[in-house]
Amino acid sequence: MASGGGVCKEVFESHPTFSNYDIIKPKVEKNSTPLKSVTVVGGKHGMPLSNIVHELLVCPVCSSLMYRPIHQCPNGHTLCSNCKIRVHNCCPTCRLDLGNIRCLALEKVAASLELPCRYQNLGCQDVLPYYSKLKHEQNCRLRPYNCPYAGSECFVTGDIQILVGHLKDDHKVDMHDGCTFNHRYVKSDPHEVENATWMLTVFNCFGRQFCLHFEAFKLGTTPVYIAFLRFMGEDYEAKKFSYTLEVGAYGRKLIWQGVPRSIRDCHRKVRDSQDGLMIPRNLALFFSGGDSQELKLRITGRIWKEK
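Residue numbers (our numbering): 163 to 469.
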């Protein structure tokens, strides 16, 4: 045992669960593409050197690739910075106190490597420096899309064709063809507005898919409703389209014109940015008849392609 290291009484071995908003480092998969580096054979058990380095860069606690800072105990056992906190600064291999030792040699080895994007099987051909790979993958245009359904948390991912089938078969959303729409939203108790979400509607228009959202939430302490469109594709494609939304009654009307947001932006991000038709509750009740007994809003809209 190396001198100078205190012995920990317990080893923290449970694997953490991540919330939906954590950035999760890519898991090492059995069929992942090997690192682009020298392939000298003759290392441990005759393995290629790239595979040996690959093993060294995997955190023994969470099985994810390690990024700077990489920590080690006095005996040289390494782990990632996230797991160093989770194991309460106690080495999960030898139980020594981890202290604040950086494994600079392994960090330098990692910096010399180049790796293909994890979405290579989806068509991305980029090969990137080790420390640039994670950032690229978080924004890769060929990464899978998250399910755009807003009624409940859904962790299904895939390409647009897969998600359209998933929305239709699993979430039973309404599917419509055409670039104009006329929807009616009803709620028996309009005073319950906090985080209420109506069924998603998907429109097939110009050979693409658009998601119509209608939600109720509180803007500070003010209850409001919002309607907006999201485009099932990338942001640069969404900017080729525009749309209008209208709501009104009794000689009054609210009109919104905007550009649909990509489903890369979650519905909560779009809602909280107020990028849509905003309807204060008092006005929504006026449009519904003014008796405050029931919400009855009719929203019309149109989608067109910019020239």
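Each residue gets a CB set at the ideal place from its N, CA and C atoms; glycine is no exception. The model shown is predicted, which means the values in this text are computed figures rather than measured ones.
Inset, instruction - With DSSP collapsed to three states, give me the class of Y347. - result: Secondary structure at Y347: strand, using DSSP grouped into helix, strand and coil.
Inset, instruction - Grab me the residues of S450's own chain with a C-beta within less than 6 angstroms of its C-beta, minus the 5 sequence neighbours each way, in chain order. - result: L457 and K458.
Legend entry - Nearest neighbour of M228, chosen from C235, Q234 and V220 [CA to CA]: Answer by Cα proximity: V220.
Inset, instruction - Give me whichever residues DSSP pairs with E408 in a beta bridge. - result: BP columns for E408 point to I417 and T462.
Legend entry - Cβ of G410 within 8 angstroms of any chain C Cβ: Chain labels in this structure do not include chain C; a single protein chain is all it has.
Legend entry - Backbone CA spacing between D336 and A312 [nearest angstrom]: Straight-line Cα distance between these residues: approximately 14 angstroms.
Inset, instruction - For the segment 264–284 and the segment 295–302, state whether three or more C-beta atom pairs, one from each stretch, are separated by less than 8 angstroms. - result: The answer is yes - the segment 295–302 touches the segment 264–284, with three or more Cβ pairs under 8 angstroms.
Legend entry - DSSP bridge partner residues for N213 (one or two, in chain order): BP columns for N213 are empty, so no partner.
Inset, instruction - Could you spell out where the beta strand (DSSP E) holding V386 opens and where it closes? - result: Its beta strand (DSSP E) spans residues T384 to F393.
Inset, instruction - Please list, in chain order, all residues of the same chain as D437 whose beta carbon is under 8 angstroms from its beta carbon, the five residues on each side excluded. - result: Excluding positions up to five away in sequence, the list reads F390, G420 and R423.
Inset, instruction - Give the straight-line distance between the Cα atoms of K330 and P385, rounded to the nearest whole angstrom. - result: The alpha-carbon atoms of K330 and P385 are separated by roughly 31 angstroms.
Inset, instruction - Output the distance between the C-alpha atoms of C341 and Y387, rounded to the nearest integer angstrom. - result: Rounded to the nearest angstrom, the two C-alpha atoms are 23 angstroms apart.
Inset, instruction - Could you tell me which residues DSSP pairs with L266 in its beta bridges? - result: Its beta-bridge partners do not exist; DSSP assigns none.
Legend entry - DSSP three-state assignment for S274, whether helix, strand or coil: Coil at S274, not helix or strand.
Legend entry - 6 angstroms CB neighbourhood of T255 in its chain, flanking five on each side removed: Once the five neighbours on either side are set aside, the close Cβ partners of T255 are H239.
Legend entry - Euclidean distance between Cα positions of K270 and L290: If you draw a straight line from the Cα of K270 to the Cα of L290, it is about 16 angstroms long.
Inset, instruction - Kindly give me the distance between the Cβ atoms of E408 and T462, rounded to whole angstroms, as I take these residues to be in contact under 8 angstroms. - result: With a contact defined as Cβ atoms closer than 8 angstroms, E408 and T462 qualify at about 5 angstroms.
Inset, instruction - State the CB to CB distance for the pair E468 and R426, rounded to an integer number of angstroms; the pair is presumed to be in contact (CB under 8 angstroms). - result: Incorrect: roughly 20 angstroms between the Cβ atoms, too far for contact.
Legend entry - S435 - DSSP class collapsed to helix/strand/coil: If DSSP states are grouped into helix, strand and coil, S435 belongs with coil.
Legend entry - Alpha-carbon spacing of Q234 relative to R248, whole angstroms: It is roughly 14 angstroms from the alpha-carbon of Q234 to the alpha-carbon of R248.
Inset, instruction - Specify the secondary structure class of Y293 as computed by DSSP and reduced to three states. - result: Helix at Y293.
Inset, instruction - Tell me K467's beta-bridge partners as DSSP assigns them. - result: Answer is F403.
Legend entry - Coil, strand or helix - K192 by DSSP: With a pLDDT of 40 at K192, under the threshold of 50, the modelled position of this residue cannot be trusted; read the value that follows with caution. For K192, the three-state secondary structure derived from DSSP is coil.
Legend entry - Assigned secondary structure, I477 (DSSP; H/G/I helix, E/B strand, else coil): The question about residue 477 has no answer here: the residues shown for the chain are numbered 163 through 469.
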